[in-house]
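Below is one structure, written out as structure tokens, with a few remarks after it.
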Amino acid sequence: MRLHHVQVACPPGGEDAARAFYGAGLGLTEVAKPPELAGRGGCWFRGVDARGAVVAEIHVGVEDPFVPARKAHPALVVDDVAALDATADRLENAGFAVDRSERTTFAGYLRFHTRDGAGNRVEVLAPA
């Protein structure tokens, strides 16, 4: 068994904020939703490795009423500490707060937490 995707929610009209975070901020590529699901709103993002294999997929779905996930979260792993720090810098430059207070609290990894454009918690890690 392996994980296919993680779904997070956004409020109605939250797609542009999701694109700013998951696309521009995290560097994931937006992919088209299947036509039978596109009418529901939301947007999907995918990360691939150097060989082109899918390594992460985040589906952002519209939820009304919306409440951001404060504790539950996707955790994405980047290749190394340089990529971790570059991702944090890119997010901060795009206006997203990055919390490094737990950077060294997960054995074997360095990490940070942030919140997407809808306020959902997201963790990004790199092998230490």
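For reference, each letter of the sequence shown is one residue, going 48 to 175 in the numbering used here. Glycine is no exception: its CB is placed at the ideal position from the N, C-alpha and C atoms.
{"query": "For F143 and R168, believed in contact at Cβ under 8 Å, the rounded distance", "result": "Not really, about 12 Å apart at Cβ, beyond 8 Å."}
{"query": "Same chain, Cβ closer than 7 Å to A175, neighbours up to 5 away in sequence not counted", "result": "G155, Y156 and L157"}
{"query": "DSSP state of A175 mapped onto helix, strand, coil", "result": "coil"}
{"query": "Secondary structure of G70, DSSP reduced to three states", "result": "helix"}
{"query": "Simplified DSSP assignment, three categories, for R137", "result": "helix"}
{"query": "Cα-Cα separation, P81 to V107", "result": "14 Å"}
{"query": "8 Å contact criterion, which A97 and D127 should meet: CB distance rounded", "result": "So it is not a contact: roughly 13 Å between Cβ atoms."}
{"query": "Identity of the residues DSSP links to L157 by a beta bridge", "result": "A173"}
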